[in-house]
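To convert, note that position 178 of the sequence shown is 206 in this note's numbering; the numbers rise steadily by one, no gaps.
Here is the structure we will look at.
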Amino acid sequence: MPDDEEQALAVYEALRQLGSALPGEMGRATDLDQERATAALGRLTELGLVHGRPDGQLEPVEPDTALVRAMDVYHRAAEDHASRAESLYRATQALLYVYRPAVERVSNKVEIESITDPRAKVRMVAAMNAIAQTSADSLHPGPMPPMELLELSIEQDTQMLKRGVRLRAIYPEAVLQSSKHLRYLERLSGLGVAVRLLDHAPFDILLQDREVACLPANPDHPGGSPMLLVRSTKLVWPLQVIFEDYWLRAVPLADAASSGTDTSVFTPQERVVIRLMATGLSDDQIARKMGVHRRTVQRAVAKLMDRLHAGSRFEAGLKLGQDKGLARVLPPSRSGSGVAVG
Numbered sequence: 029m030p031d032d033e034e035q036a037l038a039v040y041e042a043l044r045q046l047g048s049a050l051p052g053e054m055g056r057a058t059d060l061d062q063e064r065a066t067a068a069l070g071r072l073t074e075l076g077l078v079h080g081r082p083d084g085q086l087e088p089v090e091p092d093t094a095l096v097r098a099m100d101v102y103h104r105a106a107e108d109h110a111s112r113a114e115s116l117y118r119a120t121q122a123l124l125y126v127y128r129p130a131v132e133r134v135s136n137k138v139e140i141e142s143i144t145d146p147r148a149k150v151r152m153v154a155a156m157n158a159i160a161q162t163s164a165d166s167l168h169p170g171p172m173p174p175m176e177l178l179e180l181s182i183e184q185d186t187q188m189l190k191r192g193v194r195l196r197a198i199y200p201e202a203v204l205q206s207s208k209h210l211r212y213l214e215r216l217s218g219l220g221v222a223v224r225l226l227d228h229a230p231f232d233i234l235l236q237d238r239e240v241a242c243l244p245a246n247p248d249h250p251g252g253s254p255m256l257l258v259r260s261t262k263l264v265w266p267l268q269v270i271f272e273d274y275w276l277r278a279v280p281l282a283d284a285a286s287s288g289t290d291t292s293v294f295t296p297q298e299r300v301v302i303r304l305m306a307t308g309l310s311d312d313q314i315a316r317k318m319g320v321h322r323r324t325v326q327r328a329v330a331k332l333m334d335r336l337h338a339g340s341r342f343e344a345g346l347k348l349g350q351d352k353g354l355a356r357v358l359p360p361s362r363s364g365s366g367v368a369v370g
């Protein structure tokens, strides 16, 4: 028998002889020092062989009684364990076969809504802005909407920024030619919106929380075509990748504004015209895509032909790819070769 068990037995037998005793008296009754007597009482308490009275006296407990009590404790613990195991089983079944499939159905669900009424479009964008949680990214190739809509947009952007939503916006370089639109973008930037400029983008797009997207049904006629509202992480993700690509190629507003003050040969708007010409678009197509009058495009084309000393658009196309000064204006795949300008 281990020494500590022998000492506990000695204290137990002494306590049975005394009937009851204070803890400090057990050392004298067994010739054990106080430390060993205390350790022995701890062992007896663990076994349930002693019981403390309110007056501090200790009484011995019969081994059979202690055994019954120990078994009761075990049975209660076993019942509790069985109850917890049953609860875990039910929770596992619910999570695996009820809730997880429901989430998968939602994530795989594709919702596309077509909105035609202009006022309904504005209301839908406002509703989206009101519930945005983490991010709102927008791409605007132009033309710029009326100033009253821009003012409304600033109010909504301010509320989103207060909620901690990250806002990023890409606008056309042509806005540098409009003082009111430039002031608007500077206000946006001052609020905390990350603003960048790009010479050309394919279509309007609004992305929120990487789950919802708004884009025109017909990019060639954004104002007159229905707005598509897409709710699907699988469909929105490729659109988000497209936005990120344009974002990397765009220039921060501050850099674009400062570089726009030099005396370059072509304005940002005219550079956009040149790039679109290089893709083979006609004057009418370029005008619709930029949201400008056809005469504006024709003036840019005439200016280009004059610089290149070209007698026709075809000759301008041949010389355009060979002009080193315009190489940075052209798309990378077009520079260094002849281009189709119609």
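Cβ coordinates follow ideal geometry from the N, Cα and C atoms, glycine included.
Its Cα nearest to that of Pro-280, the residue Val-223 stands out among Val-223, Arg-341 and Met-175. Per the coordinates, the alpha-carbon of Leu-219 lies some 42 Å from the alpha-carbon of Pro-129. Short of 8 Å from the beta carbon of Asp-311, and not among the five residues preceding or following it, lie these beta carbons of its own chain, in chain order: Arg-322, Val-325, Gln-326, Val-329 and Gly-370.
A straight-line Cα-Cα distance of about 10 Å links Gly-252 and Asp-145. Secondary structure at Thr-162: coil, using DSSP grouped into helix, strand and coil. In the structure shown, Gln-326 adopts helical secondary structure according to DSSP, grouped into three states. Within the region 172 to 231, the runs of alpha helix (DSSP H) at least 4 residues long that lie entirely inside it are, in chain order, 175 to 190 and 207 to 219. Rounded to the nearest angstrom, the gap between the Cα atoms of Arg-277 and Ala-338 is 31 Å.
Leu-234 has Ser-166 and Cys-242 as its beta-bridge partners, per DSSP. Within the DSSP bridge table, the entry for Glu-139 names Arg-259 as partners.
The beta carbon of Leu-77 is closer than 6 Å to those of Tyr-40, Val-89 and Ala-94 in its chain, skipping five residues each way along the sequence. With contacts defined by Cβ atoms closer than 8 Å, Leu-234 and Val-264 do not form a contacting pair.
Looking only at His-103, Thr-58 and Pro-51, the smallest Cα-Cα distance to Arg-81 is reached by Pro-51.
When Cβ pairs closer than 8 Å are counted between the two stretches, the region 200 to 213 is seen not to touch the region 243 to 250, the count staying below three. In the three-state reduction of the DSSP assignment, Glu-87 falls in the strand class, which pools E and B. By the criterion of a C-beta distance shorter than 6 Å, Glu-141 is surrounded in its chain by Leu-257, once the five residues flanking it on both sides are discounted. Apart from the 5 residues on each side of it in sequence, Leu-177 sits with its Cβ closer than 8 Å to the Cβ of Val-150 in its chain, given in chain order.
Taking all protein chains shown into account, Val-96 has fewer than 16 neighbouring C-beta atoms within 10 Å of its C-beta and is therefore exposed. In the DSSP annotation of this structure, the continuous segment of the alpha helix (DSSP H) that includes Gly-70 starts and ends at 62 to 75. The C-alpha of Met-175 lies about 12 Å from the C-alpha of Leu-213. When the five nearest sequence neighbours on each side are left out, the beta carbons in the same chain lying within less than 6 Å of the beta carbon of Ser-48 are those of Gln-85 and Glu-87, in order along the chain. Ala-49 is bridged by DSSP to Leu-86.
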